[in-house]
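K.L.:
Per this note's numbering, the sequence shown starts with residue 4, numbered consecutively. If you scroll down you'll find the structure; I have some questions about it.
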Amino acid sequence: MNEIVNAIPFGSDNALSSREIWKRVDAFSPDVVANRLAQLADLKAIKSRKEPASSQQGFKWIYWREAAV
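Printed below as a string of structure tokens:
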């Protein structure tokens, strides 16, 4: 799980989709990473929001961390 958390960027301007984070981690499967990210977002450990998908209809979730103050 630490690998996934460390791959999540800081700040909403740098937010990435679960697939982009999966490519950085290069472990597990895309579905496992997406599920872990959703769990972390539910626990409020990271931030997430829906964003329109660029090349297809629908949306994608993007994830980021807030810097500790």
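Positions of the beta carbon are idealized from the N, C-alpha and C atoms, including for glycine.
So, for residue 28: in the same chain, excluding its five sequence neighbours on each side, which residues have a beta-carbon less than 8 Å away from its beta-carbon?
P.N.:
If we look at residue 28 and ignore the five residues flanking it on each side, its Cβ neighbours are 6, 7, 10 and 36.
K.L.:
Using beta-carbon positions only, say whether residue 15 and residue 64 come within less than 8 Å of one another.
P.N.:
Cβ distance not < 8 Å, so residue 15 and residue 64 don't count as in contact.
K.L.:
Go through its chain and collect everything with a Cβ distance to residue 68's Cβ below 6 Å, but skip five positions before and after it.
P.N.:
Once the five neighbours on either side are set aside, the close Cβ partners of residue 68 are 11, 13 and 49.
K.L.:
Compute the beta-carbon to beta-carbon distance between residue 66 and residue 46, rounded to the nearest angstrom, for a pair I have assumed lies under 8 Å.
P.N.:
In fact, because the Cβ distance is near 13 Å, the residues do not count as touching under 8 Å.
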